[in-house]
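Student: Residue numbers (the numbering used here): 2 to 457.
Using N, Cα and C, we set each Cβ at its ideal position, and we do this for glycine too.
Remember, it's a predicted structure, so these values are computed and weren't measured experimentally.
This is the structure, below, for whatever I ask next.
Below you can see the structure in the form of structure tokens.
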């Protein structure tokens, strides 16, 4: 079945970390759902769509940036409580915005990943894993390499807590209390974890992992060992595997986008790809790519739900720079009719166009006002300096094993005009198909091996 999905932008927040957006469950299928998102400004916002406009349920501030956002609740009940990690603190909010938890973990590291299972809280820094039960310290583990993600198998099906750590040394570490029960070796470093079908499958022991080089795999975790079910290397950049590299997996979710009653796999990548995979044979074989689209920046979260309009499934996504948008199954031309060559637009669409025009005019006025203020400041007799504002940089250096090269990725909030690359060891720059930059090499000091400037 071919999927026809269209992107619809909602609004923009601050910079976002991976998996800081969640869709709250609804009371009935196909009903509109609410979305909660946290950003680097420390803002937690819950919103829903009404008549094409964003309606905010609550907004609240935290002192530090949000590094992870999870939904939780008592075992066997609806997970509609919002938990966020900020620095080394975990806060909990109801869907009305009332804070009911403020827990200082006293960790020396800032929390990078988190998982909630009933009254069990699992948090990880770069190397340290901590397990809290009812906010009491229960278990602790110091990993040999960096921890990229943490998850537990569903307690409702397993009957006991099974934490799993995804570590940079290509291992999944299955924990029992404060010790490693066993490790599962993977083909590449895992970057994110997700339960199969969001519930671990029939027995609750199946776990999906995404890797930094774009692979997706399924493992079945037994009591003392694990078995690999399949590894999927195909994606939106599929082709000649020896020359093309898939973007790293940043987030995954499951939602029925094809309407066949079986939940599909939703994938977000750090190269801006959003993909939908269908399971042809359940867990017996790797999924088949059904839909793919590309954004201009890395995707940090994907969630399936019904947000824009009731009755239409969509993928709600966030990007590194904070854009929140939907990829919806709603036909965009359903608000338009054509008679005798004349196109008629619905009243809602007319209001939306008018609001966009008004917003553009306001932005243009703000730009002119700020420019005038800057010009006045530069001509002032008072001493001062003109400085470039600070921008957070999202940088990655990823190994491409097929040709033994490294891919350097740089991402900031604004457009990049120039990149100056200085190296004290000899390097070769390889050209790629989608490259549009102009590269110039400069003479450099004897203690510098290479000085390169790339212009966009």
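Taking buried to mean at least 16 other C-beta atoms within 10 Å of its own C-beta, is residue 300 buried or exposed?
Tutor: Residue 300 should be labelled buried.
Student: Quick one: grab the DSSP three-state call for residue 32.
Tutor: Residue 32: coil per DSSP, three-state reduction.
Student: Per the contact definition of three or more C-beta pairs closer than 8 Å, is the segment 10-22 in contact with the segment 35-50?
Tutor: Cβ pair count under 8 Å is three or more, so yes.
Student: Assign residue 325 to one of three DSSP states: helix, strand, or coil.
Tutor: Correct three-state label for residue 325: strand.
Student: Taking only runs of the beta strand (DSSP E) that begin and end inside the segment 259-325, which ones reach a length of at least 3 residues, in chain order?
Tutor: Qualifying beta strand (DSSP E) stretches, in chain order: 265-270, 274-279, 289-295, 300-306, 315-320.
Student: Taking 7 Å as the limit between beta carbons, can you name the residues of its chain near residue 145, skipping five residues before and five after?
Tutor: Correct list, in chain order: 170.
Student: How would you call residue 68, buried or exposed, if buried means at least 16 neighbouring beta carbons within 10 angstroms?
Tutor: It is buried - the Cβ of residue 68 has at least 16 other Cβ atoms within 10 Å.
Student: My output table needs one value for residue 52: the three-state DSSP class, helix, strand or coil.
Tutor: Residue 52 falls in the coil class under three-state DSSP.
Student: Checking 9 Å against the spacing of the C-beta atoms, do residue 284 and residue 197 come in under that value?
Tutor: Yes; because the gap between Cβ atoms is below 9 Å, this pair is in contact.
Student: Have a look at residue 216 and residue 232 and give me their C-alpha separation to the nearest angstrom.
Tutor: In a straight line, the C-alpha of residue 216 is about 7 Å away from that of residue 232.
Student: Would the beta-carbon of residue 16 fall within 9 Å of that of residue 223?
Tutor: The answer is no: Cβ separation not under 9 Å.
Student: Of the residues 389, 151, 134, 120, which one's Cα is nearest the Cα of residue 127?
Tutor: If we check each option's Cα against that of residue 127, 151 comes out closest.
Student: Buried or exposed: where does residue 380 fall if 16 or more other Cβ atoms within 10 Å of its Cβ makes it buried?
Tutor: Burial call: exposed.
Student: Taking the alpha helix (DSSP H) that residue 368 falls in, what are its first and last residues?
Tutor: Its alpha helix (DSSP H) spans residues 348-379.
Student: In three-state terms, what does DSSP make of residue 198?
Tutor: Three-state DSSP puts residue 198 in a helix.
Student: If you count every other CB in all the chains shown that lies within 10 Å of the CB of residue 318, and 16 or more means buried, which is it?
Tutor: That one is buried.
Student: For residue 218, I'd like the list of residues in its chain whose CB is within less than 6 Å of its CB, leaving aside the five on either flank, ordered along the chain.
Tutor: Contacts found: 210, 232.
Student: With a Cβ-Cβ cutoff of 9 Å, do residue 131 and residue 111 count as a contact?
Tutor: It is not a contact, given that the beta carbons lie outside the stated cut-off.
Student: Among 402, 369, 52, 416, which has the Cα closest to the Cα of residue 213?
Tutor: Nearest C-alpha to residue 213: 402.
Student: Would you report the Cα separation of residue 349 and residue 51, rounded to the nearest angstrom?
Tutor: Spanning the two alpha carbons is a distance of roughly 11 Å.
Student: Could you check what DSSP says for residue 111 in three-state terms: helix, strand or coil?
Tutor: If DSSP states are grouped into helix, strand and coil, residue 111 belongs with coil.
Student: I'd like to check one pair, residue 187 with residue 173: are the Cβ atoms closer than 9 Å?
Tutor: The answer is yes: Cβ separation under 9 Å.
Student: Do residue 84 and residue 48 have their C-beta atoms within less than 9 Å of each other?
Tutor: Their beta carbons are not under 9 Å apart, which means residue 84 does not touch residue 48 by this criterion.
Student: Can you tell which of 193, 374, 133 has the C-alpha that lies nearest to the C-alpha of residue 179?
Tutor: Of the listed residues, the one whose Cα sits closest to residue 179 is 133.
Student: Checking the sheet assignment: what are the DSSP bridge partners for residue 84?
Tutor: According to DSSP, residue 84 bridges with 71, 93.
Student: Going by beta carbon distance, what residues of the same chain come within less than 7 Å of residue 321, once the five residues before and after it are set aside?
Tutor: Excluding positions up to five away in sequence, the list reads 16, 17, 298, 299, 301, 395, 412.
Student: If we count the other Cβ atoms within 10 Å of its Cβ and call it buried at 16 or more, is residue 241 buried or exposed?
Tutor: Here residue 241 scores only 44 on pLDDT, less than 50, and its place in the model should not be relied on; the value that follows carries that caveat. Answer is exposed; the Cβ neighbour count stays below 16.
Student: Keeping to the same chain, check which residues put their C-beta closer than 6 Å to that of residue 455; ignore five residues upstream and five downstream.
Tutor: These residues qualify, in order along the chain: 420, 438, 440.
Student: Using DSSP with H/G/I as helix, E/B as strand and the rest coil, what is residue 185?
Tutor: Strand, per DSSP.
Student: Hey, does residue 184 have any beta-carbon neighbour from chain C nearer than 9 Å?
Tutor: Among the protein chains of the structure shown there is no chain C, as only one such chain exists.
Student: If you reduce the DSSP assignment to three classes, tell me which class residue 157 lands in.
Tutor: Note: residue 157 maps to helix in three-state DSSP.
Student: Among 147, 195, 432, which one has its Cα closest to the Cα of residue 154?
Tutor: Cα-wise, what sits closest to residue 154 is 195.
Student: Tell me whether residue 78 is buried or exposed, calling it buried when 16 or more other Cβ atoms sit within 10 Å of its Cβ.
Tutor: Exposed, because fewer than 16 other Cβ atoms sit within 10 Å of the Cβ of residue 78.
Student: To the nearest whole angstrom, what separates the beta carbons of residue 326 and residue 8, a pair I think is in contact under 8 Å?
Tutor: With a Cβ gap of about 6 Å, residue 326 and residue 8 count as contacting.
Student: By how many angstroms is the C-alpha of residue 355 removed from the C-alpha of residue 200?
Tutor: Approximately 44 Å between the Cα atoms of the pair.
Student: Taking the CB atoms as reference points, tell me whether residue 86 and residue 64 lie closer together than 9 Å.
Tutor: It is not a contact, given that the beta carbons lie outside the stated cut-off.
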